[in-house]
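Colleague: Numbering (our numbering), first residue to last: 9 to 124.
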Amino acid sequence: QVQLVESGGGLVQPGGSLRLSCVVSGSRFRFDHMGWYRQAPGKERELIATVTALGSTNYDNSVKGRFTISRDNAKNTVSLQMNSLKPEDTAVYYCNLVDRDNKWAWGQGTQVTVSS
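1) Considering only their Cβ atoms, is the gap separating valine 100 from glycine 117 smaller than 7 Å?
2) If you draw a straight line from the alpha carbon of asparagine 69 to that of glutamine 9, how long is it in whole angstroms?
3) If you count every other CB in all the chains shown that lies within 10 Å of the CB of glycine 43, and 16 or more means buried, which is it?
4) DSSP puts glutamate 54 in a beta bridge; with which residues?
5) Can you say whether asparagine 104 is buried or exposed, counting buried as having 16 or more other CB atoms within 10 angstroms of its CB?
6) Would you mind listing the beta strand (DSSP E) stretches within the region 63–99 that are 3+ residues and don't spill past its ends, in chain order?
7) Secondary structure at arginine 108, three-state DSSP: helix, strand or coil?
8) Among residues of its own chain, excluding the 5 on either side of leucine 55, which ones have a beta-carbon nearer than 7 Å to its beta-carbon?
9) Provide the residue span of the beta strand (DSSP E) that contains glutamine 119, from first to last.
10) In whole angstroms, what separates the C-alpha of valine 59 from that of serine 124?
11) Note down, in chain order, each residue of its chain lying with its Cβ closer than 8 Å to the Cβ of threonine 85, except the 5 sequence neighbours on either side.
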């Protein structure tokens, strides 16, 4: 059974930084495509960053230049470094996995709040 466990959320002031991590178990991680989504109150869940099994990355325009997604296949971990945070980045952040059979899995989510 695939499990994704996120950590690293919290409260930060505008302009600050946070680093989210997602540890994956039960999957052949190095073959999986990974992504981070977020969902703000009253809004739909949106895709903000992806990293493929080969390490190619892509970002939504709203986070490009501020957020960096990375993966460590030795530790079955995908991370999201978030810099220059804004109040509009406040959301629950979810780790996502898509395996080679196109099966999806989600983490439980971690709250990020950007406020002074």
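Glycine included, each C-beta is placed from N, C-alpha and C at the ideal position.
Modeller: On the basis of the data shown:
1) Note that the C-beta distance between glycine 117 and valine 100 is below 7 Å.
2) 33 Å
3) buried
4) Arg46
5) buried
6) 65–67, 75–80 and 85–90
7) coil
8) Here leucine 55 has Gly43, Tyr45 and Asp68 as same chain residues with Cβ atoms under 7 Å from its own Cβ, once five neighbours each way along the sequence are excluded.
9) Taken as a continuous stretch (DSSP letters only), the beta strand (DSSP E) holding glutamine 119 covers 118–122.
10) Just so you know, the alpha carbons of valine 59 and serine 124 end up roughly 31 Å apart.
11) Ser29, Cys30, Val31, Val32 and Arg79
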